[in-house]
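Chains as they are written, first to last, in our numbering: chain S, 1 to 314; chain H, 1001 to 1314; chain B, 2001 to 2314; chain A, 3001 to 3314.
A quick write-up on the structure given underneath.
Number of protein chains: 4
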Amino acid sequence: MHAIGVDIGGTKIAAGVVDEDGTILAQTRRATEPDDAASIDRAVADVYAELSQSYEVQAIGVAAAGFVNSERSTVLFAPNIAWRDYPLRDRVRALLDDDVRIVVENDANAAGWAEFRFGAGRAVDDMLMLTVGTGLGGALIVGGKLVRGAWGVAAEVGHMRVVPGGHYCGCGHEGCWEQYASGSALVRDAQAAIVVDAERGATLLALAGGDAQDLTGPQVTQAAQDGDPLAVDLLAQLGRWIGEGAASVAALLDPALVVIGGGVGAAGDLLLDPARHAFADQLSARGHRPEAKIMLASMGNEAGIVGAADLARI
Amino acid sequence: MHAIGVDIGGTKIAAGVVDEDGTILAQTRRATEPDDAASIDRAVADVYAELSQSYEVQAIGVAAAGFVNSERSTVLFAPNIAWRDYPLRDRVRALLDDDVRIVVENDANAAGWAEFRFGAGRAVDDMLMLTVGTGLGGALIVGGKLVRGAWGVAAEVGHMRVVPGGHYCGCGHEGCWEQYASGSALVRDAQAAIVVDAERGATLLALAGGDAQDLTGPQVTQAAQDGDPLAVDLLAQLGRWIGEGAASVAALLDPALVVIGGGVGAAGDLLLDPARHAFADQLSARGHRPEAKIMLASMGNEAGIVGAADLARI
Amino acid sequence: MHAIGVDIGGTKIAAGVVDEDGTILAQTRRATEPDDAASIDRAVADVYAELSQSYEVQAIGVAAAGFVNSERSTVLFAPNIAWRDYPLRDRVRALLDDDVRIVVENDANAAGWAEFRFGAGRAVDDMLMLTVGTGLGGALIVGGKLVRGAWGVAAEVGHMRVVPGGHYCGCGHEGCWEQYASGSALVRDAQAAIVVDAERGATLLALAGGDAQDLTGPQVTQAAQDGDPLAVDLLAQLGRWIGEGAASVAALLDPALVVIGGGVGAAGDLLLDPARHAFADQLSARGHRPEAKIMLASMGNEAGIVGAADLARI
Amino acid sequence: MHAIGVDIGGTKIAAGVVDEDGTILAQTRRATEPDDAASIDRAVADVYAELSQSYEVQAIGVAAAGFVNSERSTVLFAPNIAWRDYPLRDRVRALLDDDVRIVVENDANAAGWAEFRFGAGRAVDDMLMLTVGTGLGGALIVGGKLVRGAWGVAAEVGHMRVVPGGHYCGCGHEGCWEQYASGSALVRDAQAAIVVDAERGATLLALAGGDAQDLTGPQVTQAAQDGDPLAVDLLAQLGRWIGEGAASVAALLDPALVVIGGGVGAAGDLLLDPARHAFADQLSARGHRPEAKIMLASMGNEAGIVGAADLARI
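Below, the structure written as structure tokens:
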């Protein structure tokens, strides 16, 4: 059975027809306006109209960054789109002529589900997905099922507290994991290191064109791959925070696998080796179970489309 | 359908016939020897023989403090009993004449399941159980199912790290939640407070008979209920650590309910109010979902028997 | 003997003739340009010319925000003025006709010295001065002498680390005391609290005119004095960080007195009581010595002038 | 001018005649009884009688582990000897026939002073002495003078808090520096590491004779020198805590030198290199001053005698 997955970004949506093996058979895109929720409704209806001409489609999964209620119909809150308690499912439905099943999902959940079903996690039943990008998002698979929580707000992994009195987070709290294990944290730590030791930070500063405020995560990764000692240390520190936090999650959920997605994955073993060591070092009951593997995500940018489509079938 | 639940303690086992509503129809006990695993096997077989004379029993659930494999047959490790990779299920079976279903469960999981099915959590699908005793144990219910993890070692909630570089834990790590949110932590903090300020600690010291090493958790609770300011503060601090840690779990699992079991529950609102405030203060996405309730467990000491029996039916 | 004290701010200098009792006999001011170091040299020479017409002056003390070398002649670095290894003493001298003694001092040291000699600390020999403003500055008096350190950079109290992995500091490190015990910290914590709980933060948000970014420290203090529970809590938290950090300083230096200066002093006991409790709670060897007092500074904004003048006499 | 230095230990006292260059001209010892304060008084009088037969002595300095009042006459509290507000100076004087000057000093202060006057610190005016033994003691030299504090209890460096909510300390507080930077911390961390990873800890466990409770600091040092990776890591971690804490002290006092004494010094660069790196990494105002050196103490076990004698002359 085919389903359409729609990945809603800030200024565009990407959609694809996905078969039961997770293969994308056809794709399309539309530009959207984040401040105009109706433009997004129309775009979703539009891609459905287009894609359903050539394929028989029995469900639409819509993935978006935001809190989705447990009925998978309403976006409670979205950080980058004008959705506040927005009944996205019903608004889209009202624009369609047929009664195709429509399901709304959090985008990190969709991507994690894709990895679980068709990617790095297809061999396991219990998995922690971490999407290490600007922030730290994620998804939890427990016993083969996606964890949505009582109110649809589970898997806000980035807001587990890892340091009491630690870094301020945009959520209003201190010490959230994403302030230590994200691309933003990597860049901030790099900028701080340049302040502390200009000589040691010279390579990174040069890569940033002379202004540390312009430094990017990929530049840090590039510098590390070129052997810059500071950049290597910064990625190792990021890896350690990923691994140590994952060990806390493992104390709760005992996953068989931790999948790392997001841009920092480009750093490869410069990130993963420290993450694995830190995870093993901090893992409780270490001698009494196998250690969960830590692997990179394998589904790429289309994980959101694939996961949303697949979740719509359930 | 009736099932027998067996709760294995250090020096005795308690067993009961439990019906499908969680009611215990009959109970019995046996003394056991923790260093003699076979004595426990025989005691389990023995209580089954006794109880199955009067009741038709279709399953036995055996709850024990320790790591149980995901097949629910073998105790991987137990802190207080001589079990190391011990095939408890098969050893008991070998002593029985019939082929009644036998299931081994972690005792905290069993107690949490009883609360979920018949106690404080019977109205919810997603629940965090915390057993605050000498240590901090617990159980996780996600989507109506008990979380066991990939290797049966999930819900080791007490070993989520809450303070990097924090208190030493018997597990070899630092800063584990149970070093801040347990009866032992309460007593240690009380002892430390007596050292810091003898005047302020005078009431507690007197309750301990003049030697802080003899202080107990119930004494601290009693002093708090009698209005001793230090004891009130100590319970409030314990409550805050419970609440703050529970907020980290909520970031991951979004439970509808946190159930507090174990001896410290006797402190009632002296503990629960600070826990609730701290939970609310630390909860991420607070404005976008209802707040989980924090309630005391309602099943008492027989939760292990009831939960083990009920899990054996599944 | 009279001395002139000069307090160099970002855009103006204030100067006064100070007698040996710390009384300011005459004052004057000049506008200056922070990007033009020579304009400041000329202004200092100019106020000397003016004030020395009416008073016999034997020394000039110049106080400035920045690192001053241990010879008290050169500003190594200033955050807000274009001084980098700037020989301020010699530049001013070159503009003067006579050989009056000229001494350069860090402004926090000057203010602390004034409190020690003529203000809150005049009865003690060992004192910690904390200037809690935008940042956290201070001065240390040990055995009746100002602590300057081996390279003139002592008493950077705000950069003692109080939380490993804590808040980012402009200095490039994490967890510096000033990120927890300053007016900026107060405002940031208030802004965060508004994000966490809009209802609880409503009063502060209203005081800020509806935009938390516009909130100021004095608004928080005002709200606390009017009884707003959140504001009271925020000042108490600030006070606790002041007291706990001061206890660490006391472990090192065993001062008889901690003097709190800077704008937050306006909060009075709303700040001081929590500071005193936290200090006592965290003080080591508490039963074996009197507890240092914690008092507000008494010299006001002219402490810099008075202290600089007095230090120039030594 | 000659002075006698007396170093009072738990079960014996060691005394020597010291000249103005810090050279010990003659030595003697007496056994003492820690529970019998009078036995110590007599032993001090006795060594004075013996040593003053051959040397003209003008002062006696008595060094002891404990809090000494600022008049340098009374031991306020001693952890290992039966002194509580004990007027040691006057008790000894009452046993003597002449009116030789007698001064009581804290033993860590005495040892630090010896390093400052005659040892590693003889070229500087501002110095931090750290004695890393069972606990973490120290001495502070500011502007060429020993810091005693308002009540004689300064330089309790081990009780500066470095981790809020950190390890319990015998003083009743949490997170004291000495719980991270001492020989005891080294051993506890080693024991914890053995629990976490038995394979990695095998060498240390073997050195301890198979029982981690018997492990000693010198065994960890020996293992590190023999290349055991865990032991090397443990010493590096100890070194980092020393360096990071010293950076906090440097923010306050800007010393030119940090001197490391105590048993862990045997680890040499395995300890010092990580300490130096961590100190440099955490040092505030790093680009604006030279970095303090970190060196081993050079005076050996007789530092207490030499320092006590020299301080008695002041």
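Backbone N, C-alpha and C define an ideal beta-carbon position, used for all residues, glycine too.
Flag this pair as touching only if the segment 3154 to 3162 of chain A and the segment 2279 to 2291 of chain B have three or more C-beta atom pairs under 8 Å; answer yes or no. In short, these stretches touch, since the Cβ pair count reaches three.
Review point. How about E1291 (chain H): is its C-beta nearer than 7 Å to some C-beta of chain S?
Key: As a first step, residue 1291 (chain H) must be located in the second sequence, where it is residue number 291. For E1291 (chain H), the answer is no, since every Cβ of chain S falls outside 7 Å of its Cβ.
* Asked: According to DSSP, is T2203 (chain B) helix, strand or coil?
  -> The residue given as residue 2203 (chain B) occupies position 203 in the third sequence. T2203 (chain B) falls in the helix class under three-state DSSP.
What residue does the alpha helix (DSSP H) around V1195 (chain H) start on, and which one ends it?
Taking the second sequence and counting its residues from 1, one reaches residue 1195 (chain H) at position 195. Looking at the DSSP string, the run of the alpha helix (DSSP H) that includes V1195 (chain H) is 1183 to 1196.
In chain order, what residues of the same chain lie with their CB nearer than 7 Å to the CB of K1012 (chain H), ignoring the 5 residues before and after it? The sequence position of residue 1012 (chain H) within the second sequence is 12, counting from 1. Closer than 7 Å at Cβ, skipping near neighbours: R1029, R1030, A1031, T1032.
**Asked** According to the neighbour-count rule (16 or more other Cβ atoms, all chains shown, within 10 Å of its Cβ), is G2183 (chain B) buried or exposed?
**Response** If you number the third sequence from 1, residue 2183 (chain B) lands on position 183. Per the 10 Å Cβ criterion, buried.
Should the segment 3190 to 3207 of chain A be regarded as contacting the segment 3165 to 3182 of chain A, the criterion being three or more beta carbon pairs within less than 8 Å? no
Task: For E1033 (chain H), the first and last residue of its enclosing alpha helix (DSSP H) - done: Within the second sequence, the letter at position 33 stands for residue 1033 (chain H). Taken as a continuous stretch (DSSP letters only), E1033 (chain H) belongs to no alpha helix (DSSP H), as it is neither H nor E.
For T2203 (chain B), is the classification buried or exposed, using 16 other Cβ atoms within 10 angstroms of its Cβ as the cut-off for buried? Residue mapping note: residue 2203 (chain B) aligns to position 203 of the third sequence, counting from 1. By the 10 Å Cβ count, T2203 (chain B) comes out buried.
**Prompt:** Just the Cα atoms here: how many angstroms apart are Y2180 (chain B) and G2243 (chain B)?
**Reply:** Along the third sequence, one-based indexing puts residue 2180 (chain B) at 180. Along the third sequence, one-based indexing puts residue 2243 (chain B) at 243. Looking at the two C-alpha atoms, the distance is approximately 11 Å.
Limits of the unbroken beta strand (DSSP E) element including L136 (chain S): Along the first sequence, read from residue 1 onward, the residue named residue 136 (chain S) stands at position 136. Where L136 (chain S) is concerned, the enclosing beta strand (DSSP E) stretches over 136 to 142.
>> Since L2136 (chain B) and E2178 (chain B) should fall inside the 8 Å C-beta cutoff, what is the C-beta to C-beta distance between them, to a whole number of angstroms?
In response: The residue you call residue 2136 (chain B) lines up with position 136 of the third sequence. The residue you call residue 2178 (chain B) lines up with position 178 of the third sequence. Sure, about 3 Å apart at Cβ, within 8 Å.
Exercise for review: Take the Cβ of D1254 (chain H) as the centre, count every other Cβ of all protein chains shown within 10 Å, and call the residue buried at 16 or more, exposed below.
Suggested key: The count along the second sequence starts at 1 and reaches residue 1254 (chain H) at position 254. D1254 (chain H) is buried by the Cβ-count criterion.
How far does the beta strand (DSSP E) with I3008 (chain A) in it extend, from its first residue to its last? Locating residue 3008 (chain A) in the fourth sequence gives position 8, counting from the first residue. Element bounds for I3008 (chain A): 3002 to 3008.
Is it a yes or a no for the segment 2118 to 2125 of chain B touching the segment 2054 to 2074 of chain B, going by three-plus beta-carbon pairs under 8 Å?
no
Neighbour-count burial assignment, S2248 (chain B), 16 or more Cβ in a 10 Å radius: As a working mapping, residue 2248 (chain B) is identified with position 248 in the third sequence. The residue is buried, with at least 16 neighbouring Cβ atoms inside 10 Å.
Could you list the residues in the segment 176 to 208 of chain S with a C-beta less than 8 Å from some C-beta on chain A, going in chain order?
From the segment 176 to 208 of chain S, only V196, D197, A198 have a Cβ closer than 8 Å to chain A.
- Message: Check whether the segment 3053 to 3064 of chain A and the segment 3102 to 3117 of chain A are in contact - that is, three or more C-beta pairs closer than 8 Å.
- Response: yes
Go to V3249 (chain A), then tell me how far its alpha helix (DSSP H) extends in each direction, as first and last residue. One-based indexing of the fourth sequence puts residue 3249 (chain A) at position 249. V3249 (chain A) -> alpha helix (DSSP H) spans 3229 to 3253.
Q.
Please list, in chain order, the chain S residues whose beta carbon lies closer than 8 Å to that of P1317 (chain H).
A. This structure leaves residue 1317 (chain H) out entirely; chain H is present only between 1001 and 1314.
**Prompt:** Quick one: what does DSSP say Y2180 (chain B) is sitting in, helix, strand or coil?
**Reply:** As a working mapping, residue 2180 (chain B) is identified with position 180 in the third sequence. DSSP places Y2180 (chain B) in coil when its eight states are reduced to three.
Exercise for review: Please decide whether G1135 (chain H) counts as near chain S, where near means a Cβ-Cβ distance under 7 Å.
Suggested key: Working through the second sequence from its first residue, we reach residue 1135 (chain H) at position 135. With 7 Å as the cut-off, G1135 (chain H) does not count as an interface residue toward chain S.
message = Counting C-beta neighbours from all protein chains within 10 Å, is the total for Q1219 (chain H) 16 or more, i.e. buried, or is it exposed?
response = Counted from its first residue, the second sequence places residue 1219 (chain H) at position 219. Buried.
### Task
Determine which residues of the segment 3247 to 3260 of chain A have a Cβ less than 9 Å from any Cβ of chain B, and write them out in chain order.
A3247, S3248, V3249, A3250, A3251, L3252, L3253, D3254, P3255, A3256, L3257
Considering only the alpha carbon of each residue, which of A:P3079, A:A3026, A:V3075 lies closest to R3054 (chain A)?
Stepping through the fourth sequence from its first residue, residue 3054 (chain A) is reached at position 54. In the sequence as presented, Arg is not what sits at residue 3054 (chain A); that position holds Ser. Proximity to S3054 (chain A) across A:P3079, A:A3026, A:V3075 peaks at A:A3026, based on C-alpha coordinates.
- request: Taking only the alpha-carbon atoms, compute the straight-line gap between K3145 (chain A) and R2148 (chain B) and give it to the nearest angstrom.
  value: Position 145 of the fourth sequence, counted from the first residue, corresponds to residue 3145 (chain A). Position 148 of the third sequence, counted from the first residue, corresponds to residue 2148 (chain B). Taking the straight line joining both Cα atoms gives about 13 Å.
Amino acids of chain H, ordered along the chain, whose beta-carbon sits closer than 9 Å to that of Y3086 (chain A) | For the purposes of this step, residue 3086 (chain A) is identified with residue 86 of the fourth sequence, where counting begins at 1. Those within 9 Å of Y3086 (chain A) in chain H number zero; the least Cβ separation is about 20 Å.
**Message:** For a test of the three-state rule: what should DSSP assign to I2102 (chain B), helix, strand or coil?
**Reply:** For the purposes of this step, residue 2102 (chain B) is identified with residue 102 of the third sequence, where counting begins at 1. DSSP places I2102 (chain B) in strand when its eight states are reduced to three.
message: By alpha-carbon positions, which one of S:G245, S:L311, S:Q237 ends up nearest to C1176 (chain H)?
response: Residue mapping note: residue 1176 (chain H) aligns to position 176 of the second sequence, counting from 1. If we check each option's Cα against that of C1176 (chain H), S:G245 comes out closest.
Worksheet item: Among all the DSSP beta bridges, which residues are the ones paired with R3084 (chain A)?
Response: Translated into positions along the fourth sequence, residue 3084 (chain A) becomes position 84. Assignment of beta-bridge partners to R3084 (chain A) by DSSP yields A:F3077.
Would you report the Cα separation of V1092 (chain H) and F1116 (chain H), rounded to the nearest angstrom?
The count along the second sequence starts at 1 and reaches residue 1092 (chain H) at position 92. The count along the second sequence starts at 1 and reaches residue 1116 (chain H) at position 116. Answer to the nearest angstrom: the Cα atoms are 28 Å apart.
inquiry  = Considering Cα atoms alone, identify which of H:L1238, H:M1299, H:G1304, H:A1250 is closest to L1272 (chain H).
reply    = Reading the second sequence from its first residue, position 272 is the one you call residue 1272 (chain H). Nearest option by C-alpha distance: H:L1238.
Review point. Closer than 7 Å, CB to CB, is W3151 (chain A) near chain B or not?
Key: The sequence position of residue 3151 (chain A) within the fourth sequence is 151, counting from 1. Yes, because at least one Cβ of chain B sits closer than 7 Å to the Cβ of W3151 (chain A).
- Proximal chain B residues relative to G172 (chain S), where beta-carbon distance stays under 9 Å: Numbered from 1 along the first sequence, position 172 holds the residue referred to as residue 172 (chain S). In chain order: Q2191, A2192, A2193, I2194, V2195, V2196, D2197.
Counting only beta-carbon atoms, is E2115 (chain B) nearer than 7 Å to chain A? Start at 1 with the first residue of the third sequence, and residue 2115 (chain B) comes out as number 115. No, its Cβ sits nowhere closer than 7 Å to a Cβ of chain A.
Can you list, in chain order, the residues of its chain with a C-beta nearer than 8 Å to that of T2213 (chain B)? Leave out the 5 residues immediately preceding and following it.
Here residue 2213 (chain B) refers to the residue found at position 213 when the third sequence is read from its first residue. In the sequence as presented, Thr is not what sits at residue 2213 (chain B); that position holds Gln. Closer than 8 Å at Cβ, skipping near neighbours: Q2191.
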